[in-house]
Amino acid sequence: MAITSLLTNVPAAQCLFIIVLCAVFTSIVIKKHFKLNGVNKLPVDPSKEPDAPVSVNYFPSRKCNYTCGFCFHTDTSSYVLPIDEAKRGLLLLKEAGMRKLNIAGGEPFLYPHLLTELLRYCKEELSVESISIVSNGSKIGEKWLRENCQWLDILAVSCDSFNPETNKRIGRGNDGGNVVRLFRIAEWCREYGIKFKLNTVVNAHNWDEDMVANIEQLAPFRWKVFQCLIVAGENDDETRKRDARTFLVTDEQWRTFCNRHKHIPCYVPEDNKSMASSYLLLDEYMCFLDKGEGMMTKSESILQVGVKEAMKQVVWDKKSFVERGGIYDWRRSDMQQQSVCSGGGSRKELDCLAIEQQQRLQNPMTLYCGVARRRLHTRNGIHNEVRNGKLRYQ
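If you count by this note's numbering, then the sequence shown holds residues 5 to 398, one letter each, in order.
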C-alpha cells in the first residue's frame, strides 16, 4: 500500500519506476536474442582472445637502398601488393584483434605514397590503436612527417653506430650522413608529436662502442637493442643475399654492450632467445613468416585462408611476446597530437646537435654551434667539451 501510494502521489517516483521497468524489459529481450542465436554471452573484444594477433609486423616490400650485412629480411622479391588487397588484409587483421601495426621492410620510405594510404586507412577507417614505422632514415623528409603525423604514433630509426666508418662497414650507406639525419629526424618527431624510437643491432663491428652520450642527447622514448640474429634461409651462408655469420657476437660481447648501456631508462635489450617466435611477421604477400628456430617457414596468405588459419601454420609464442615487453605505451597522447601537429615546437637544440655532427665530419678539430657548454663523445670515445660554441679536445 505504501509503495502504491508513493507512486500515485510523487511524479519523481513514477519516473524512476518506469525507468527500472524499461531496464528489466531490455535485459530480458537481449538475453532472449543471444539465446536464440546460440550465444550465451555478449560478444567480447577480439583483441582479448588468446590467439588474437595483437601486434603485427608488416613488410609491404622487401626492397631496400642499404646493404646491411646481417639483414634477415632480404631483397629477394620486388613484389608490392595492390593497395586494395593490402587494405583488405589489414581489415582482416583488425577484425581478428590487431591493436598495433608496425610497418617495416625493406625500406618503407621508398614508397611514401603507399605509406600514406596505409596509415590513413588504418587510423581513419579501422581505428587501429597504434601504428609505427621502422626505417633506416635515409628517405625520411620533414614534409612527409608534417603531412602524415596525425596518423603515425611511433617512428623507429635503425642506428647501429655513431661512427661513419662503422656504418659503412655494416652496410648502412656510404655518405657518412646517417648521424646528422638521425638528429634531424628526432627533432622532427618532437615537433610533430610522433614518438621517436631507436633500433640497434649489436654485431661484430659495434659491440665495443659507447653510445651513452648520443643516446642521451637523442632521448628516444624507447631504444630496442637486438643481438645479431641468423635466420636460416635468409642470411645463414654464402649462398644467400646476406651472410651474417661474420657479424655475430659472442655472449660475452653481447653482455659487455648491455652492461655498458643498461642504466639508460629507455634501454630495452632482446637477445636471440627473446626474439625467437615472439614476433608476428607478415610478408609482402600477407603470409605469416616463422623466423624462429630452424629453417624459416611461411603460411598461406591471410587473403586466401583468413587470419586464424594462417596463424595455425606458424609458431607465435604469445607468452614470449608479452615477456619481452611486446605490449607497452605505444600510443601518442591526444594532447601531443593537438598541440604539436598543428605546427608548434622548437627545433634549436637538436638542429644544433645535427650541425655539430656534420661539422665534425668536415673538420674534426673545431665545431661551431650556438651552445654555451656541452660534453660530447668523439668517435674514439674521449670526452670533449663545447664552450661558447667551440669544441675543445681534452
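Glycine included, every Cβ here is placed at the ideal spot set by N, Cα and C.
Drop a sphere of 10 angstroms on the beta-carbon of Val60, count the other beta-carbons inside from all chains shown, and report buried for 16 or more, exposed for fewer. Label assigned to Val60: buried.
What does DSSP give as the partner residues of Trp227 in its beta bridges? Trp227 is bridged to Leu202 and Tyr271.
Ordered along the chain, which non-local residues of its own chain (more than five positions away) have a Cβ less than 7 Å from that of Arg124? Only Trp155 meet the Cβ criterion.
Shortest alpha-carbon distance to Cys72 belongs to which of Asp255, Cys232 and Lys277? Measuring from the Cα of Cys72, the nearest candidate turns out to be Cys232.
In the DSSP assignment, find the unbroken alpha helix (DSSP H) run with Phe292 in it and report its ends. From DSSP, Phe292 is part of no alpha helix (DSSP H) but of the beta strand (DSSP E) over Cys291 to Asp294.
How many angstroms separate the CA atom of Phe292 from the CA atom of Leu105? Note on geometry: alpha-carbon atoms of Phe292 and Leu105 lie some 14 Å from one another.
Ile189 burial status per 10 Å Cβ neighbour count (16 or more: buried): So Ile189 counts as buried.
How many whole angstroms separate the CB atoms of Val229 and Val272, which I take to be in contact at a CB cut-off of 8 Å? Going by Cβ atoms, the distance from Val229 to Val272 rounds to 7 Å, so yes, they are a contact pair.
First and last residue of the alpha helix (DSSP H) that includes Ile87? Element bounds for Ile87: Ile87 to Glu99.
How many angstroms separate the CA atom of Arg378 from the CA atom of Glu220? Residue confidence is low: Arg378 scores 35 on pLDDT, short of 50, so the model does not pin down where it sits. Its coordinate-derived value is still stated next. If you take the alpha carbons of Arg378 and Glu220, they lie about 12 Å apart.
Report all residues from its chain with a CB closer than 6 Å to the CB of Cys193; omit the five preceding and five following residues, and keep chain order. Same-chain partners within the cutoff: Leu159 and Phe200.
Considering Thr301, what are the terminal residues of the beta strand (DSSP E) in which it resides? Thr301 to Ser305 is the extent of the beta strand (DSSP E) around Thr301.
Between the CA atoms of Val161 and Glu256 - distance to the nearest angstrom: Val161 has its alpha-carbon roughly 26 Å from the corresponding atom of Glu256.
Check the DSSP bridge columns for Val309 and list the partner residues they point to. Answer by DSSP bridge pairing: none, since Val309 is not bridged.
Taking contact to mean 3 or more Cβ pairs, one atom from each stretch, closer than 8 Å, check whether the region 135-152 and the region 311-326 are in contact. Counting C-beta pairs closer than 8 Å gives fewer than three between the region 135-152 and the region 311-326, which falls short of the contact rule.
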